[in-house]
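Below is one structure, written out as C-alpha cells, with a few remarks after it.
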Amino acid sequence: MDLNDPTNERPLIALLADLGQQLEAYRISRNLKQAELAELAGIGRSTLVRMEAGKGGTIDSLARVMRALGLGERLLEIVPDAKVSPLDPRSETGKPRKRVRHAVRSSRASKWTWGDEAP
C-alpha cells in the first residue's frame, strides 16, 4: 500500500464529517453554544452548523473558529514545514525554493554518441 497514493486516502466527505464532529465535540467540551462560538468567531451560526455537519466551509471560517476556540496556532501544523527536507539537498542552503522544475528530457540526450562515429 503506497501511502503517497491519493487513491488510498479516505474519501473527502468522510474526512470533513470527522473534522466537523471534532469541532462540535471541542465546542461542547468548552461549554459553548453554536450561537456563542459563531459570534466569537465572527461567522454566522448557519456556517458553523454546516462546518460541524461536515458540509463545507472556507479556510477563513475554519481559521476563525479555531482561533475562537484558542486553537489558532494549530492551523500551522496542518501542512508540514517544507523548509528542510531530507529528500531535497538544496534545502540545506536555507534558501526557500520559489518554483518547481521538472527534468527536461531532450531527444538528443537519448541519442548520445562518442562523436567519432562515421556519418
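Numbering (my numbering), first residue to last: 153 to 271. No residue lacks a Cβ here, since even glycine has one placed at the ideal position from N, Cα and C.
Nearest residue (CA-CA) to residue i, options the options
i: residue 209; options: 251, 231, 221, 196; result: 196
i: residue 181; options: 207, 160, 221, 229; result: 221
i: residue 205; options: 215, 177, 232; result: 177
i: residue 171; options: 225, 268, 191, 217; result: 217
i: residue 207; options: 185, 184, 166, 229; result: 166
Buried versus exposed call for residue i [16 or more other C-beta atoms within 10 Å across all chains shown]
i: residue 251; result: exposed
i: residue 153; result: Legend: pLDDT at residue 153 = 42, less than 50; position of this residue unreliable, value from coordinates given subsequently. Label assigned to residue 153: exposed.
i: residue 213; result: buried
i: residue 267; result: exposed
Rounded C-alpha distance that separates residue i from residue j
i: residue 193; j: residue 163; result: 28 Å
i: residue 255; j: residue 168; result: 36 Å
i: residue 232; j: residue 187; result: 33 Å
i: residue 223; j: residue 191; result: 16 Å
i: residue 173; j: residue 183; result: 15 Å
i: residue 219; j: residue 225; result: 8 Å
i: residue 211; j: residue 253; result: 28 Å
i: residue 229; j: residue 265; result: 51 Å
i: residue 198; j: residue 160; result: 33 Å
Cβ-Cβ distance between residue i and residue j below 9 Å
i: residue 202; j: residue 189; result: no
i: residue 215; j: residue 200; result: no
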